[in-house]
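Residue numbers (our numbering): 2 to 723.
No residue lacks a Cβ here, since even glycine has one placed at the ideal position from N, Cα and C.
The block underneath contains the structure these notes are about, expressed in structure tokens.
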């Protein structure tokens, strides 16, 4: 994050502070009108006896599958961009200068990228690197190419080359371990992987167990050492440039798939077992692109040549590829990050994106940085900032995101310093984001900030907020490519007939009126075909009527917006979008002698986990002796900071030995000497933890642990009276 000198930024506001207080004109632009109801409810579509709620859609049909111009495949959408963009910038990146610093973005035009793509496609065909693979009875034979690297121009060129020749991409996250790489290569039986030099070592290491793998295409320079390593492993290696050159000398005509062809595999994170390869067709992806385009076109957002998108969210996930499809369909351009998220601030400053899809984790950092700077500035400067903040808050209530005075004096300068001074739209949706952070972004950036919802199995998106909708705490309404319904989950107390959500009379919480609660099901042209070679897993997620069962619990607002409130399955996301399987972590903690029971909890607005831990009473004497701690009563030890710290260290050691990720460890723990039991209603008769009951039972301790952790989501926001 860049340093923002708030004393300088706010100083210019001092001389006009008094005048600003009496200025009534809050906005020079008109707000975007919003509908009275955000969703169309299909009449008579509910079946209350079966617990099925009414079907909600964007409109009566909700069947978008292509853009207005007719583009219905990944190849066609890029060709539409070529016609629109021509010699306008298409893709850019930064090169290192002699000083070692990164230079400005350098771009290739749509026409130049199109030529490179055609050449690379021809090279693949000439060299026989994408032969047909039989696949499964549910799929026709497929030509496949694996993409195993961070976001870069060659990633997109290789993807588009596949689309040109009717081949399917198999993306692999660059962070995958050797075991998952091995699994993907053997499951798909593909022959060729495109990667950078950083990933070659992993491929060489798995080659003995992956007989189908024969070829590597390396995007950067191939050294003699790399050639030698590949040869020893029995691998042929080409440079990306070499394949392009061969293709230029041996051109082939396009042979794209139709919209029902499988465009890509998307391997979902395997937190509860083996990673699953979701099969997404061109129709699936184009449906989302077309529906998102339709949604954002219902207002004053104009995206076209000259607009810029910073690509740093992983291309291995379908969401980023759908965003880039939207960018291409508009003739706008893509700038790739350096490959290091720690240097993202530098790339933001260099590119000045106008389109900025992001994740709560980064957006939370913006909030923390700005408000941290305001607090540090203090005094009259902080008061002036908060005066402007309050003025824009009031403007938001009236649909205004800009302010003719405060944007110029304060917020525009800060946004520019962050590299987002020209931003037109921010889209977030990988995990829930705190309402006050959404409000902050709208105030600071003076642009549209939209929250959406989706999952891999629906090509990344199924809902999105409308332009002009300044409400927070919801993920918008269904896109025009799918239908959504809620289904009752009686065991958790969520019914499609519910008319109130969140009411707690004991705590004086009034709750909010609603139009049903339950598990979110989605059906439409964006719904995936299934998991590759995993029919049983497919049946668990996709029912015979075509509905995807998300496992998320949603609530319909009175105006037809969807609000995500819970998880049906014992899997959840943290704020950075990482999936957490608490039982897996609890099983690891259970191997620690001093831990008798544990309850791992994660708030999806938070970056970290917390845990309730019950010590093993019989292990206490030995544990205390080993850690030079005095033996005391369980009640006293559970309040002893040294004992708590020692237990926490042992738990972290177990986590490391089990090779869990850092985010799969409780950042704070609370020790309770009273075991979970059937008697205190924390365990079922079969001795399984009742997570919903445990959360309520330990709510005060959970809140206290999160309050002690630094982070925006635990904060209640800076008081407006400062």
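Item to check | First and last residue of the uninterrupted beta strand (DSSP E) at residue 334 | outcome: Segment 334-337, the beta strand (DSSP E) holding residue 334.
Checklist entry - Just how far apart, CA to CA, sit residue 241 and residue 192? => result Here the alpha carbons of residue 192 and residue 241 stand approximately 16 angstroms from one another.
Next on the checklist: Buried or exposed, going by whether 16 or more other CB atoms sit within 10 Å of the CB of residue 679?
Outcome noted: Per the 10 Å Cβ criterion, exposed.
Checklist entry - Are the beta-carbon atoms of residue 411 and residue 447 separated by less than 7 angstroms? => result For residue 411 and residue 447, no; Cβs fall outside 7 angstroms.
Checklist entry - Under the three-state reduction of DSSP, which class applies to residue 94: helix, strand or coil? => result In the structure shown, residue 94 sits in a strand (DSSP, three-state: E or B).
Checklist entry - Does the region 575-587 touch the region 535-553, meaning 3 or more C-beta pairs lie closer than 8 angstroms? => result Judged by Cβ distances under 8 angstroms, the region 535-553 makes no contact with the region 575-587, as fewer than three pairs qualify.
Checklist entry - With 16 as the cutoff for other CB atoms within 10 Å, does residue 312 come out buried or exposed? => result Buried: at least 16 other Cβ atoms inside 10 Å.
Checklist entry - Under a three-way DSSP split, which group does residue 313 fall into? => result It is coil, neither helix nor strand.
Checklist entry - In three-state terms, what does DSSP make of residue 264? => result When secondary structure is reduced to three states using DSSP, residue 264 falls in the strand class.
Checklist entry - What is the residue span of the alpha helix (DSSP H) that residue 642 lies within? => result Start and end: 642-658.
Checklist entry - Thinking just about the alpha-carbon of each residue, which of 185, 197, 79 and 480 is nearest to the one in residue 214? => result Answer by Cα proximity: 185.
Next on the checklist: Once the 5 residues before and after residue 230 are set aside, which same chain residues still bring their CB inside 8 angstroms of it?
Outcome noted: The residues are 201, 202 and 205.
Checklist entry - Hey, how far is the Cα of residue 308 from the Cα of residue 347? => result One C-alpha to the other measures close to 19 angstroms.
Item to check | Helix, strand or coil at residue 156 according to DSSP, with G and I counted as helix | outcome: The answer is helix: DSSP assigns residue 156 an H, G or I state.
Checklist entry - Is residue 329 near residue 78, with beta carbons less than 7 angstroms apart? => result With contacts defined by Cβ atoms closer than 7 angstroms, residue 329 and residue 78 form a contacting pair.
Next on the checklist: Looking at the secondary structure, which residues open and close the alpha helix (DSSP H) in which residue 709 lies?
Outcome noted: First-last of the alpha helix (DSSP H) with residue 709: 700-709.
Checklist entry - Is it right to say residue 218 is buried, meaning 16 or more other beta carbons lie within 10 angstroms of its own, or is it exposed? => result Under the 10 Å beta carbon count, residue 218 is surrounded by 16 or more other beta carbons and is classified as buried.
Next on the checklist: Does the region 411-422 come into contact with the region 482-496, if we say contact requires no fewer than three beta-carbon pairs (one atom in each stretch) closer than 8 angstroms?
Outcome noted: Verdict: no, contact absent.
Next on the checklist: Rounded to whole angstroms, what is the Cα-Cα separation between residue 345 and residue 102?
Outcome noted: About 14 angstroms.
Item to check | Cβ neighbour criterion (16 or more within 10 Å) applied to residue 343 | outcome: Per the 10 Å Cβ criterion, exposed.
Checklist entry - Three-state secondary structure (DSSP) at residue 131? => result Per DSSP, reduced to three states, the secondary structure at residue 131 is coil, with no helix or strand assignment.
Item to check | 3-residue-minimum beta strand (DSSP E) runs that sit fully inside the region 347-398, ordered along the chain | outcome: Runs found: 356-359.
Item to check | Chain-order list of residues whose beta-carbon lies under 7 angstroms from that of residue 60 (same chain, five-residue window excluded) | outcome: Apart from sequence neighbours up to five positions away, the residues of its chain that approach residue 60 with a beta-carbon distance below 7 angstroms are 41 and 481, ordered along the chain.
Item to check | Where residue 272 sits in the DSSP three-state scheme | outcome: The predicted model places residue 272 with a pLDDT of 43, which falls under 50 and marks its position as unreliable; any figure quoted below should be read in that light. If DSSP states are grouped into helix, strand and coil, residue 272 belongs with coil.
Item to check | Cβ-based burial, residue 466 [other Cβ within 10 Å; buried from 16] | outcome: Residue environment analysis places residue 466 among the buried positions, since at least 16 neighbouring C-beta atoms fall within 10 angstroms of its C-beta.
Next on the checklist: Taking DSSP's pairing of strands, which residues face residue 165 in a bridge?
Outcome noted: Beta-bridge pairing links residue 165 to no other residue.
Next on the checklist: Pairs of beta-carbons, one from the region 161-175 and one from the region 68-83, closer than 8 angstroms: are there three or more?
Outcome noted: A contact exists between the region 161-175 and the region 68-83.
Checklist entry - Which runs of the beta strand (DSSP E) fall wholly inside the region 456-500 and span at least 3 residues, in chain order? => result Qualifying beta strand (DSSP E) stretches, in chain order: 483-488.
Checklist entry - Mind checking whether residue 559 and residue 514 have CB atoms under 7 angstroms apart? => result Taking 7 angstroms as the Cβ cut-off, residue 559 and residue 514 qualify as a contacting pair.
Item to check | For residue 310 and residue 90, the rounded distance between their alpha carbons | outcome: For residue 90 and residue 310, the distance between alpha carbons rounds to 12 angstroms.
Next on the checklist: What ranges does the alpha helix (DSSP H) occupy inside the region 545-591, keeping only unbroken runs of at least 4 residues that lie completely in it?
Outcome noted: If we require 4 residues or more, the alpha helix (DSSP H) runs fully inside the region 545-591 come out as 583-590.
Checklist entry - residue 535 and residue 590 look like a contact to me (Cβ under 8 angstroms); what is the Cβ gap, rounded to whole Å? => result About 29 angstroms separates the Cβ atoms of residue 535 and residue 590, ruling out a contact at the 8 angstroms cut-off.
Item to check | Beta-carbon separation (whole angstroms), residue 1 vs residue 629, contact threshold 8 angstroms | outcome: Outside the modelled stretch of the chain, which goes from 2 to 723, sits residue 1, for which no answer is possible.
Item to check | When 627, 122 and 176 are compared against residue 243, the one with the closest alpha-carbon | outcome: Looking at 627, 122 and 176, the one whose alpha-carbon comes closest to that of residue 243 is 122.
Next on the checklist: By the three-class DSSP mapping on this structure, what secondary structure does residue 46 have?
Outcome noted: Looking at residue 46 - three-state DSSP - the assignment turns out to be coil, as it is neither helix nor strand.
Checklist entry - What separation, rounded to the nearest whole angstrom, lies between the Cα atoms of residue 366 and residue 255? => result If you take the alpha carbons of residue 366 and residue 255, they lie about 45 angstroms apart.
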